[in-house]
Amino acid sequence: MRKNSTLIPEHFASFEEAQEFWDTHSTADYWDEMHDVALRLSPSLQAKLEAKKLYHLLGLSSQQIKVIEQEAR
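Here the sequence shown is numbered in the working numbering, starting from 121 and rising by one per residue.
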């Protein structure tokens, strides 16, 4: 149940307005009103994200990832 009585606006007039709203409201108070969205990523971005996920699963540090990516070029 929402703790805050303020409704989420249907549309924000600007990015700044949305930012102001969420800076002053917790998403936890609106969790039941949230819904999933589907994202379509470009193949190149999808490949980069998959590689980063693999690096993370392997426990590689940020520095190790940079070295791997530099060597791959």
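Ideal Cβ positions, reconstructed from N, Cα and C, are used throughout, including at glycine.
Bear in mind the structure is a predicted one, so any value in this text is a computation, not a measurement.
- [ ] For the segment 151-181, list the alpha helix (DSSP H) runs that are entirely contained and at least 4 residues long, ordered along the chain.
- [x] Entirely contained in the segment 151-181, the alpha helix (DSSP H) runs reaching 4 residues are, in chain order, 163-177.
Task: Reduced DSSP category for glutamate 137 - H, G, I as helix; E, B as strand; rest coil - done: For glutamate 137, the secondary structure class from DSSP, reduced to helix, strand or coil, is helix.
Open item on the list: Rounded to the nearest angstrom, what separates serine 181 and threonine 126 at their Cα positions?
Closed with: C-alpha separation (whole angstroms): 42 Å.
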